[in-house]
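A.B. asks: In the working numbering, the protein residues as written are 1 to 118.
Built from N, CA and C at the ideal position, the CB exists for glycine as well.
Below: one structure in structure tokens.
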């Protein structure tokens with residue numbers, strides 16, 4: 001992980017340049033660029049969620065099997081590295097062939113992130 005540039009809400013970590021950034025709702029640490037969204041049609045624990053190809057400034061939790069709406073998946077929670085707020089999860093493995101496209105991708109829950117520079 002790179003060093004931050006001292007922006008508000010970012011102590012260490014990666015600062016995402018440019019407009020349309022998603023930040024942790026708790027501490028405003030940058031976590032994703034809008035251009036990394038694959039889909040906005042996902043469901044998280046707390047309502048709507050977005051599927052991203054990449055996120056930054058997060059730590060991965062322990063992998064576990066979860067029975068989600070689309071079947072069994074191995075996932076790991078992702079937490080803001082700065083405040084440890086759980087923001088969503090990473091898909092490690094999908095057991096159904098039709099769900100394999102999610103592997104290695106990230107869910108960010110809409111209720112856990114905020115838009116910056118829109």
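Between the alpha carbons of residue 2 and residue 71, how many angstroms are there, rounded?
C.D. replies: Caution is warranted here: a pLDDT of 35 is assigned to residue 2, below 50, making its placement in the model unreliable, and the coordinate value is therefore given only provisionally. Those two C-alpha atoms are separated by around 36 Å.
A.B. asks: Between which residues of its own chain and residue 46 is the CB-CB distance below 6 Å, once the five residues before and five after are set aside?
C.D. replies: These residues qualify, in order along the chain: 109 and 111.
A.B. asks: If you draw a straight line from the alpha carbon of residue 77 to that of residue 118, how long is it in whole angstroms?
C.D. replies: The straight-line gap from Cα to Cα measures roughly 27 Å.
A.B. asks: Which residue from 100, 43 and 58 puts its Cα closest to that of residue 81?
C.D. replies: If we check each option's Cα against that of residue 81, 58 comes out closest.
A.B. asks: So what does DSSP say about residue 95, is it helix, strand or coil?
C.D. replies: Coil at residue 95, not helix or strand.
A.B. asks: Under 8 Å, with one C-beta from each stretch per pair, do the segment 20-37 and the segment 92-102 reach the 3-pair mark?
C.D. replies: As far as the Cβ criterion goes, the segment 20-37 does not touch the segment 92-102, which means the pair count is below three.
A.B. asks: When burial is assigned at 16 or more other CB atoms within 10 Å of the CB, is residue 113 buried or exposed?
C.D. replies: Answer is buried; the Cβ neighbour count reaches 16.
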